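Inspection log for the structure reproduced underneath, given as structure tokens.
Protein chains in written order, with the working numbering: chain U, 1225 to 1539; chain B, 251 to 446; chain Y, 134 to 669.
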């Protein structure tokens, strides 16, 4: 879903923000065209026509009534804008009753999601349509941001503090989440998705333990691995091929000889790949920063296997 | 050297300018320390228990000694300014010399205090109270050192015969600065050492 | 007193520029030479900072990083912002043009403390050398250095903090010098209300510099202490608060935007009456509004932090106060436009830039309410909308004002005239290039593109390409303008003492002025805006 200026809001709240935006825009355009129109008009109309008589300008140094008016009117206008902005804001901040709560913790460079029933996810949040949801936000290492432009909401995520944000999506769809507080090299890769599902689909998904399309029987392991890789945030820091991101590319990794920090080198076999996922600090590839988090609690052992199988296909 | 210097000033204007300059500078110093005092207030309100427990580890006796030392040094500065107003350069040098000595005593006492804290494993990074203690007294100590340098400079000026009852601007200005340094300590001492 | 029209630029009469040799510059106590040194230095950093901007725009041609790594991009935007703010836009008008013209405007021979003035320059130089030194481990924190990232970063943050401390100290001492100068050294007969408005704006600017800068000094001192000594004011694991850094930082950095804009507004107030041959409309209002802006500017820092977890009450108060800064600002704009009414207007380059200031600053200013209003701020904060807003106010505003001042005062400072045709061509390139570069950012910001992103979603591609094209045109205009300045220095036509027939005191000195500015200190009997003769 995309927005063009102040259209495309994905919730009622967002629509109210858009209305405010449009009002401010109209006021702004009005004053801009008024003042700059007059400026250009004067600059043209009063061009010097007789250089020898350019001293014959009127000595106007003030006009009390005009000056009073153009202090009063802008003051009233800005107070109005303040008030309107404050009203809409207050709605944005006070969650509706009965909101489902989802915990989101940010770390460089991913979002760790935890639902009330203990399910976890990375970079993907699923909620039902037409119900309010409240996000409980935190951060592990540095400041991060949680921004959903379609919903016109944003909140910083602060280590050592909890902040909150709520929204109520009108309709199903997939919505972008951006990190908006600069957090290091992977800042612009720190993206997530809010997936709003029709209520019955959501209910089914919860029932099936919240694993998406949990391993259809007969699905090849490497295909499942590909889906996990896309879902679990790996691509924030690893490219499959081409220009490298923060960690090594996947293409050609399996089976290659990998030099490690500390001098030794090792062959990237299945065990190396598995260990890199659940205990990434154990063997750090030379020349790369030791920043990869562990996926031991986020992925099941089967999912880790599936990822390894997927990596094997990237020859 | 190209360019004009302050000889083009009428001396009365020069003196007034210097005074305004020093007061403005002191205003900037108020803001400088003010930021730290603000941090103190914020963290004190947030962690009253920590402050109560930790502040007892400071040596009140040494703190009180330092307070007396600084107040005395402000007094000697006043006497020095008074002396030069009456043209008594020798007396000025004696009083300012005493001030510098007292400042040195202050710094020695601080050294003893800091050493004792380190010996007990209390460092700037130990907890927020000691972060504040070391930052605030440290910044203050740096200003004491700077003050000593300024007072020494005035002393040297006097020894070179450049000061008299007609021209004592540096004396007055350095005196103002020194009083400020004293005043900051008068706030620091109770806030850090005394208030429970 | 010199009579109007007398030239002071025959080969043997170079005024304050006569004495040669590096020592005559390095140890000068002449405010004009010190001002000139600041101008050269700050313009050099403007060009270097601009180069980093071009590198950013090059990378932003493609949604994925292509020429540089993400880390390199992040370093570039940090250096662009830090250099532009601390080494160019804060010192350029105050320490550059201010140093040169404040004593001339008040009819004095120099500032109150010439030796302190020289010290300020060398402290500034020490500061920028240390900052350059920190490039061995360049920063990628953004110019805002938010903790915890800046505290943990492997970059040379501590070194940079020291450099910024020195640059800030230079700024404080300059402000102090100007305050005392304006209070104590006005020529006989120059009451406060006979001062040129440039002096009022410099006075307000100096107040801000003196009061706000110490706070940022402590902010960075504490950051260095956190890195070196483990002091934990900003560290949540020690009970500290990362948001405290933001409060301290913005307590300075918001008022500092008024340090940036007020001097430029002062220049506009000088240029418009001269080129309309009319008195400035609403002198008192413009003078007092400068003070009002300085005061109000200290109360609104929280509007940079609406999404930082501050309480709704705090947010409300900051939003409310923020809107009030708009009123004195608007008053100035109305007064300048009213000055044009029934004037006799010519559009030489100083006036072109002055009118451009009003036009572009209006865009910047009118996009402020979107950010001051709480609900829309939440959407637009940390997006390109903010980047566009501050470039319209700081570049469309301050930098255009700076260019206006440079063109206006070039004859006075150098004794030479600029090539008007080239100046206007450069202006046209700058005007078009600027708008193409930055207007697209309002659009892409509203659509949700976050700032400080090395890579962005493909849907933002078109606007980014357009913006980059604009930046090339803008750069061409700036380079042409700089070339014009150099040509003017080398072979400009000799300038008369008062080429614009202006009434403020600097035009009574020769072009370029003698070292002691005036043979005799002038006695002032009228305000400097007595253009025009007929009654309204």
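Glycine is no exception: its CB is placed at the ideal position from the N, C-alpha and C atoms.
None of the values given here were measured: they were computed from a predicted structure.
Beta carbon of residue i nearer than 9 Å to that of residue j
| i | j | result |
| --- | --- | --- |
| residue 351 of chain Y | residue 220 of chain Y | no |
| residue 671 of chain Y | residue 575 of chain Y | Residue 671 of chain Y cannot be examined here, being either before or after the span of chain Y that is shown, 134 to 669. |
| residue 275 of chain Y | residue 214 of chain Y | yes |
| residue 1346 of chain U | residue 1371 of chain U | no |
| residue 416 of chain B | residue 371 of chain Y | no |
| residue 436 of chain Y | residue 387 of chain Y | yes |
| residue 1420 of chain U | residue 505 of chain Y | no |
| residue 444 of chain B | residue 294 of chain B | no |
| residue 551 of chain Y | residue 621 of chain Y | yes |
| residue 335 of chain Y | residue 461 of chain Y | no |
Inter-residue spacing [alpha-carbon to alpha-carbon] between residue i and residue j
| i | j | result |
| --- | --- | --- |
| residue 370 of chain B | residue 425 of chain B | 37 Å |
| residue 238 of chain Y | residue 329 of chain Y | 7 Å |
| residue 289 of chain B | residue 417 of chain Y | 39 Å |
| residue 380 of chain Y | residue 434 of chain Y | 7 Å |
| residue 1231 of chain U | residue 277 of chain Y | 32 Å |
| residue 497 of chain Y | residue 1271 of chain U | 27 Å |
| residue 429 of chain Y | residue 407 of chain Y | 30 Å |
| residue 283 of chain Y | residue 260 of chain B | 50 Å |
| residue 1359 of chain U | residue 1240 of chain U | 20 Å |
| residue 155 of chain Y | residue 161 of chain Y | 10 Å |
| residue 197 of chain Y | residue 612 of chain Y | 29 Å |
| residue 439 of chain Y | residue 1418 of chain U | 23 Å |
| residue 326 of chain B | residue 431 of chain B | 14 Å |
| residue 322 of chain Y | residue 344 of chain Y | 30 Å |
| residue 559 of chain Y | residue 206 of chain Y | 29 Å |
| residue 548 of chain Y | residue 253 of chain Y | 26 Å |
| residue 291 of chain B | residue 328 of chain B | 32 Å |
| residue 324 of chain B | residue 440 of chain B | 18 Å |
| residue 318 of chain Y | residue 293 of chain Y | 37 Å |
| residue 1260 of chain U | residue 393 of chain Y | 23 Å |
| residue 1328 of chain U | residue 1362 of chain U | 6 Å |
| residue 602 of chain Y | residue 174 of chain Y | 28 Å |
Cutoff 9 Å: residue i Cβ touching any chain Y Cβ
| i | result |
| --- | --- |
| residue 270 of chain B | yes |
| residue 1411 of chain U | yes |
| residue 1324 of chain U | no |
| residue 385 of chain B | yes |
| residue 420 of chain B | no |
| residue 374 of chain B | yes |
Burial state of residue i, where buried means 16 or more other Cβ atoms lie within 10 Å
| i | result |
| --- | --- |
| residue 1318 of chain U | exposed |
| residue 1403 of chain U | buried |
| residue 1246 of chain U | exposed |
| residue 1284 of chain U | buried |
| residue 475 of chain Y | buried |
| residue 510 of chain Y | buried |
| residue 1315 of chain U | exposed |
| residue 316 of chain B | buried |
| residue 452 of chain Y | buried |
| residue 446 of chain Y | exposed |
| residue 1488 of chain U | exposed |
is_contact[residue i, chain B] using C-beta, thresh 9 Å
| i | result |
| --- | --- |
| residue 374 of chain Y | yes |
| residue 134 of chain Y | With a pLDDT of 36 at residue 134 of chain Y, under the threshold of 50, the modelled position of that residue is not reliable, and no figure is offered here. |
| residue 346 of chain Y | yes |
| residue 305 of chain Y | yes |
Min CB distance residue i to chain U below 9 Å
| i | result |
| --- | --- |
| residue 644 of chain Y | no |
| residue 456 of chain Y | yes |
CB contact check: residue i to chain A, cutoff 9 Å
| i | result |
| --- | --- |
| residue 483 of chain Y | Judged by its chain identifiers, the structure shown contains no chain A, and its protein chains are U, B and Y. |
Exercise. Is the number of C-beta pairs between the segment 1522–1538 of chain U and the segment 1488–1502 of chain U that are closer than 8 Å three or more?
Worked result: yes
Problem set entry | the segment 398–418 of chain Y contacting the segment 461–470 of chain Y, beta-carbon criterion three pairs below 8 Å | yes
Exercise. If you pair each beta-carbon of the segment 480–499 of chain Y with each one of the segment 537–544 of chain Y, do three or more pairs fall below 8 Å?
Worked result: yes
Exercise. Does the segment 560–570 of chain Y touch the segment 600–611 of chain Y, meaning 3 or more C-beta pairs lie closer than 8 Å?
Worked result: yes
Exercise. Are at least three pairs of beta-carbons, each pair with one atom in the segment 242–252 of chain Y and one in the segment 164–171 of chain Y, less than 8 Å apart?
Worked result: yes
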